[in-house]
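Position one of the sequence shown corresponds to residue 0 (numbering that gives the first Met the number 0), numbered consecutively onward.
Note that the Cβ used here is the ideal one computed from N, Cα and C, for glycine as well.
First the structure, in the form of structure tokens, and then the observations on it.
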Amino acid sequence: MVSLGVNRIGMEATNPDQIASGGYDFVISSHVLEHVANPIQALWEWVRVLKDDGLFVLVVPHKDGTFDHRRPVTSLHHLIQDFDRKTTEADTTHLEEILALHDLRKDPEAGDFEAFRERSMKNLENRCLHHHVFDTRLAVESVHHVGLQLLSVELSLPYHIVILAQKQKANKETCNDPFRGSVSTPCWSSPFPSDQRNLSR
């Protein structure tokens, strides 16, 4: 098993270059991806270290239950742009939005606004910021984008999105339409209001 985060193994989640390709049966990322400035790069690296048919568990917070609830959901297009631009962890693109919309009532450990601002300005050191904001559709589309076969999407209050996916062999295609809602309503149901509004459109 490998659990990939910034501090777990002393290297960047977007560049675990000390880990050989195709060596792990499963990878777990729990509440890491939202802290990464280049999520698609991280996902590609996590796929790289998986064996064929290896399992990937992704847990990210749904915006509705967190201090991000005032912020707009990040688009997949934006995540792809960050990948294409080779965005690094020094990126501060979202800092102004975070300072304006972060709900400190839901983040008591952050202290008052000045303490939060000071901590946020040192994000390259502490990695506290949520660069990107996820709802269920974005989490699903991100995993699909890197070629993984979705197996399960589970949602639970207060804010968990849990995705189980599998790395396919090179000659095998994914079939993620039931999870993506490409043809009909997605096969997952959600307790989160913003998901429910989006699905009813």
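CA-to-CA distance, residue j to residue i, given in whole angstroms
i, j, result
"residue 155", "residue 190", "7 Å"
"residue 81", "residue 194", "24 Å"
"residue 185", "residue 197", "11 Å"
"residue 37", "residue 92", "12 Å"
"residue 173", "residue 34", "27 Å"
"residue 68", "residue 170", "40 Å"
"residue 103", "residue 94", "15 Å"
Endpoints, the beta strand (DSSP E) within which residue i is located
i, result
"residue 225", "As shown, the chain starts at 0 and ends at 200. That puts residue 225 outside it, with no answer to give."
DSSP-derived helix/strand/coil call for residue i
i, result
"residue 165", "strand"
"residue 177", "helix"
"residue 50", "strand"
"residue 191", "coil"
"residue 112", "helix"
"residue 76", "helix"
"residue 160", "strand"
"residue 34", "helix"
Those residues which DSSP pairs with residue i across a bridge
i, result
"residue 28", "57"
Bounding residues of the alpha helix (DSSP H) (the contiguous stretch that carries residue i)
i, result
"residue 84", "Unbroken run through residue 84: none, as it is neither H nor E."
"residue 96", "94-100"
"residue 137", "135-144"
"residue 123", "122-125"
Point to revise | the region 40-51 in contact with the region 116-136 per 3-pair CB rule at 8 Å | key: Contact between the region 40-51 and the region 116-136 is absent: fewer than three C-beta pairs spanning the two stretches fall below 8 Å.
Are the region 118-126 and the region 14-24 in contact at 8 Å, needing three or more beta carbon pairs? no
### Query
Is it true that the region 112-122 meets the region 56-75, where meeting means three or more beta-carbon pairs spaced less than 8 Å apart?
no
Tell me, please, whether the region 48-58 touches the region 151-169 by the rule of three or more beta-carbon pairs shorter than 8 Å. yes
Take every Cβ of the region 62-75, pair it with every Cβ of the region 144-158, and state whether three or more of those distances are shorter than 8 Å. Verdict: yes, contact present.
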